[in-house]
Amino acid sequence: MGVDAAAKLLFETIKTSQRMVIVGDYDADGATSTALAMRGLTSLGAENISYLVPNRFEYGYGLTPEIVNLAKSNAPDLIITVDNGISSISGVKRARDLGINVLVTDHHLPGHELPNANVIVNPNQPGDSFESKSLAGVGVMFYVLVTLRSYMREQGWFKSQDISEPNFAELLDLVALGTVADVVPLDRNNRILIEQGLRRIRAGKCCPGILALLKVAGCDYSRAVSTDLAFYVGPRVNAAGRLEDMSIGIECLLAKSEHAASEIASQLHTLNIERREIESQMKEEAIKSLDRIKSDKLVRNKNELGICVYQPDWHQGVIGILAARIKEKYYRPTIAFANSDDEELKGSARSIPGVHIRDVLDTIAARHPDIIAKFGGHAMAAGLSLPKNKYDEFVAAFHQVLGEWLTPEDLHNEILSDGELGEQNLSLAMAKILRTSGPWGQGFPVPVFDGEFKVLDYRVVGEHHLKLTLQSTDGDTSVNAIAFNYANFDWNNRAAVVHAAYELDVNQFRGIESPQLLIRHLEVRATH
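Everything in the sequence shown is counted per this note's numbering, starting at 1115 for the first residue and increasing by one.
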């Protein structure tokens, strides 16, 4: 994985008091990776260290030549990329031409050419033997730090400097947050990292920034699970990079006092509210445009098995979330585009199981070298840039490639159920067992059950969601349920018995815990 060479390079840089600049990505994985590198390297004795995160609206993604020129003002001897760099061919070249060493730490899939960095640490680079290929960027940086600590111990560094050897378990809260927020597959290694980080968070032994973000989101840190990081903390950190500057999120994670962290967390909370409002408007506009296309055409026309949406005035920081929402609604690979400048579009892609979206883009780029300016990403998510006048050509090529890989039958979303829970298991005790048996996430999903229920009561809450009281059809037990984005559910004017697919969770309201069904799918069954 290159960690041994990285450890030697970093040790020499620290030992000789050379200047380091960390260049991160502008999402939650990038923010946690940057904060982790800053805190970890400082605890190992690094003194001349700073960070730089590209503003997505000015510089775009990764270590570009422009970012290197900006970093040059700090006179770095070493640039360390975190959660990016594997596709930064020209940026690394610019740094090396200036006499700056470059350490790339990344987890994204590499292209056909690797950057000419001094050292590359990426479990997904060709020939790498590291077994855990699903690490997030923050996980890669964690292993770099652990290896560096071991090497420095062998060199007698801590004794010679009379400093304590740091306990990097104290950084696992950042690893857990970044890993969950980046939605990487939860293999055994990632689950261990997340669980250990969550234990520190629940004990209150984490950075003040994460505690402040949980508090501002209304979450009890002592009950924190992976979904709290995914739905409450991660989006607030991400909001900084989407709308403003990710350094706000990083400073929250680096804050040393509760007061400082609380102030920044409040700022991130406000940004997240603004992000949600922008996202809602963009989603409404996108769905209106898609509704003009007959639904049977979207399903049956082999040439339109994916969706591309674009409006010039959309916010480029929110197109990733928009693509995800459209993908969820229509269940097909989706790319949302916005203007990057007068000449270029920026796109964010989200995919469905069975379609490796980065490979789709790679195929398009190979067949049509003049369409895509640059791209990168994973199986389920990717980003790209293309000339504005190439949009129609890209859309045609996108549909063509999907038509070769997919059939209309592949576009029927399936919800896999673990079966029916008996009435006796619709209990708080079972809900607590399931809640604490995680961490759940990508590749290790939370159990989903299904069954029929009588609807005793329902009402719309928060404008978009359906709150229900359900009763098991095989007994008298009633349970509360919430169905997100089901406000317009068609009851067909019938006294309803519903078939529901659901997760069993714990709801806490005014200090009282109760079981609650999180509805994944709902359909009315006729009553006789």
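C-beta: ideal position from N, C-alpha, C; glycine also. Treat the numbers as computed from the prediction; the structure is a model and nothing was measured.
Query	Result
With a threshold of 8 Å, are at least 3 pairs of Cβ atoms found where one atom belongs to the stretch 1203 to 1216 and the other to the stretch 1229 to 1240?	yes
Let me confirm a value: T1550 is counted as buried when at least 16 other C-beta atoms fall within 10 Å, else exposed. Which label applies?	exposed
Within 10 Å of its beta-carbon, does S1147 have 16 or more other beta-carbons around it, so buried, or fewer, so exposed?	buried
T1591: which of L1158, G1625 and Q1630 sits nearest, CA to CA?	Q1630
Which residue wins for smallest C-alpha separation from A1283, given the options R1267, S1274, L1300 and L1259?	L1259
Taking the continuous beta strand (DSSP E) assigned at M1134, which residues delimit it?	M1134 to V1137
Return the residue from the list V1611, L1436, I1633 and D1220 that minimises the CA-CA distance to D1619.	I1633
Between the alpha carbons of S1628 and T1293, how many angstroms are there, rounded?	29 Å
I need the straight-line Cα distance from Y1165 to V1135, nearest angstrom please.	5 Å
Tell me whether the beta-carbon of T1583 lies closer than 8 Å to the beta-carbon of L1570.	yes
Report the CB separation of A1511 from I1478 in whole angstroms; it is logged as a contact under 8 Å.	5 Å
Quick one, which of A1185, L1368, Q1556 and V1167 has its alpha-carbon nearest D1197's?	V1167
Looking at C-alpha atoms only, which residue of V1432, G1468 and L1530 is the closest neighbour of L1516?	G1468
Determine the direct distance from the alpha carbon of G1533 to that of K1443, and round the result to whole angstroms.	25 Å
Rounded to whole angstroms, what's the CA-CA distance from K1247 to I1466? Just pull it up for me.	20 Å
Residue range of the beta strand (DSSP E) that K1504 falls in?	Unbroken run through K1504: none, as it is neither H nor E.
Inspect the CB distances between the stretch 1489 to 1507 and the stretch 1515 to 1529 and report whether three or more fall short of 8 Å.	no
From E1617 to I1308, what distance separates their C-alpha atoms?	21 Å
Is R1414 helix, strand or coil by DSSP?	Unreliable placement is indicated for R1414, whose pLDDT of 41 sits below 50; the coordinate value is still reported in the next sentence. If DSSP states are grouped into helix, strand and coil, R1414 belongs with the helices.
Check whether the stretch 1271 to 1280 and the stretch 1240 to 1255 touch, using three or more Cβ-Cβ pairs below 8 Å as the test.	no
What number of angstroms, rounded off, separates the C-alpha of I1163 from the C-alpha of V1218?	16 Å
Using the C-alpha atoms, what's the distance from E1391 back to A1463?	21 Å
Closer than 8 Å by C-beta to D1191: which residues in its own chain qualify, once you throw out the five before and the five after it? Chain order, please.	T1127, Q1132, R1133, M1134, I1214 and N1215
So the candidates are N1236, S1394 and G1311; which of them puts its Cα closest to the Cα of T1195?	N1236
Whose C-alpha, out of V1575, A1545, L1419 and C1320, is nearest the C-alpha of L1525?	L1419
What does T1219 pair with, by DSSP beta-bridge criteria?	V1196 and V1235
In whole angstroms, what is the alpha-carbon distance linking I1435 and E1393?	7 Å
For the beta strand (DSSP E) containing G1490, name the first residue and the last one.	K1488 to G1491
According to the neighbour-count rule (16 or more other Cβ atoms, all chains shown, within 10 Å of its Cβ), is E1577 buried or exposed?	exposed
Spatial neighbours of Q1556 within its chain, please: CB distance less than 7 Å, with the 5 preceding and 5 following residues excluded, ordered by chain position.	V1297, V1298, P1299 and L1300
Would G1625 be called buried (16 or more neighbouring beta carbons within 10 Å of its own) or exposed?	exposed
Between K1441 and D1220, what straight-line distance do the alpha-carbon atoms span, to the nearest angstrom?	26 Å
Who are S1462's beta bridge partners in DSSP?	A1450 and G1497
Measure the C-alpha to C-alpha separation of D1506 and H1513 and round it to an integer number of angstroms.	11 Å
Assuming D1359 and N1183 make a contact with CB atoms under 8 Å, what is their CB distance in whole Å?	Between N1183 and D1359 the Cβ distance is about 18 Å, and since that is not below 8 Å, they are no contact.
Using the three-state DSSP reduction, which class does T1148 fall into: helix, strand or coil?	helix
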